[in-house]
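The numbering of the sequence shown is the numbering used here, which starts it at 6 and goes up by one.
For every residue, glycine included, the Cβ atom is placed at its ideal position computed from N, Cα and C.
Predicted, not measured: the structure shown is a model, and the values here were computed from it.
Read through the structure below, which is laid out as structure tokens, and then see the notes.
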Amino acid sequence: MIQCEMFTKESFSCIQPLTYDDISSPSTINMSSAVQILTDYRKEGVRRSQETYNLSKQIYGTRHERSLGDEKWAFYEQFAIAALDVGDHNLAEELLLRLAEKFPLSPRVSVIEGMMLEAKREFGLAERLYNNLLEEDPTNVAIQKRMIVLTKLQYPKDLSKATDRLTTYLDTFYLDPEAWMELADIYTQQQSYQRALFAIEECLLMQPINPYYILKYAETQYTSGDFHEAYNSYLRVVELQDSFPRAWLGLKMCCRKLLKYPHNEQPEHLSRVDVLATKMSLDMYTSSSTHKVDDDTRKAVLKFVE
């Protein structure tokens, strides 16, 4: 199964800047709440594929779907993309047909059609579709981004091709933070950490208090071996968003590294932060936590922090 990558609300799934935890909500939820959650996700650009798929299946074909009015088309679009992400191609195709019948010339529907081809690994057909759409409208940003995703899928072992296409895109659309984050992700995969940090810094210039971007910055600093700067960045994240599990766990990891330094000037301060990070991580990853994670992840985290 191949997950349909998207960045931004319209195009790539690997970037979800408005999602401040990595978990799904409880599956037991009333219909009205499910409708509201999905509506909020659409407005905010949040992409949680499995949760969106599960909630949408509860609504699909019920009176709650019929009560959506014209909003049902946005619901179908959202549901179709989530279905592609989780590998339910038959349902995605059913939803795509409904959208195509209603909006036969819609570029947004064409994007989903292309994503369907990507999910089926029919890369040549997807590329042909995107090229035709770009001939009709070279300024179609969503299609340009799909082409970048497609290049990544076509050449997974040669990310330089996707990098070239993405940097060309950024030459025109410089103020697209999600594109910069995608570039940072590619550089990280290539272990070009300084370039990745530069790309994230471009995002921080545009959105300096976005905790997701600061978190990515901290994680990249840690991966590059700059534990002191990563520590400071993680502190900034928890200052902005203290319910962010990855930030507390990252802070714990930094404390462990820094406490091993023989000439550490603040061992007592680091020890106190280490204790706090341990407590917060344990609170967030215990079975009673509202942060629902799978058992293997929970056990691994608890083993690490304890």
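Contacts around residue i, its chain only, beta-carbon distance under 8 angstroms, and the 5 residues preceding and following it disregarded
{"i": "Leu101", "result": "Ala85, Val114, Ile117, Glu118, Met121"}
{"i": "Lys107", "result": "Trp78"}
{"i": "Tyr135", "result": "Gly119, Ile148, Arg151, Met152, Leu155"}
{"i": "Ile205", "result": "Trp185, Met186, Ala189, Tyr218, Lys221, Tyr222, Thr225"}
Where residue i falls: helix, strand or coil (DSSP)
{"i": "Gln55", "result": "helix"}
{"i": "His268", "result": "coil"}
{"i": "Arg47", "result": "helix"}
{"i": "Gln83", "result": "helix"}
{"i": "Lys125", "result": "coil"}
{"i": "Ser61", "result": "helix"}
{"i": "Tyr160", "result": "coil"}
{"i": "Gly66", "result": "coil"}
{"i": "Ala305", "result": "helix"}
{"i": "Asp90", "result": "helix"}
Same chain only: Cβ atoms within 7 angstroms of residue i, ignoring 5 sequence neighbours per side
{"i": "Arg47", "result": "Ala79, Gln83"}
{"i": "Ala105", "result": "Val114"}
{"i": "Ala184", "result": "Phe12, Leu171, Tyr174, Leu175, Phe178"}
{"i": "Phe309", "result": "none"}
{"i": "Gln63", "result": "Met36, Ala39"}
{"i": "Tyr192", "result": "Arg200, Ala201, Ala204"}
Proximal residues to residue i (C-beta, below 6 angstroms), its chain only, five neighbours per side dropped
{"i": "Arg103", "result": "Tyr81"}
{"i": "Leu256", "result": "Tyr239, Ala282"}
Endpoints, the alpha helix (DSSP H) within which residue i is located
{"i": "Asn137", "result": "128 to 141"}
{"i": "Thr168", "result": "165 to 177"}
{"i": "Asp75", "result": "From DSSP, Asp75 is part of no alpha helix (DSSP H); its letter is neither H nor E."}
{"i": "Leu100", "result": "94 to 107"}
{"i": "Leu188", "result": "182 to 194"}
Handout entry: Stretch-stretch touch, CB-based, cutoff 8 angstroms, three pairs: the stretch 241 to 257 with the stretch 202 to 222
Key = These segments touch.
Problem - Touching by the beta-carbon criterion (3+ pairs, under 8 angstroms), the stretch 161 to 170 and the stretch 137 to 148 - result: Contact check between the stretch 161 to 170 and the stretch 137 to 148: fewer than three CB pairs, one atom from each, fall below 8 angstroms, which does not count as touching.
Exercise for the section: Report yes or no: do the stretch 92 to 100 and the stretch 130 to 139 share at least 3 C-beta pairs separated by less than 8 angstroms? Expected result: Taking one beta carbon from each stretch, the stretch 92 to 100 and the stretch 130 to 139 have fewer than 3 pairs nearer than 8 angstroms; the two do not touch.
Practice task
Please list the segments of the alpha helix (DSSP H) lying wholly inside the stretch 196 to 244, counting only runs of 4 or more residues, in order along the chain.
Solution key: Fully enclosed alpha helix (DSSP H) runs of 4 or longer: 198 to 211, 216 to 228.
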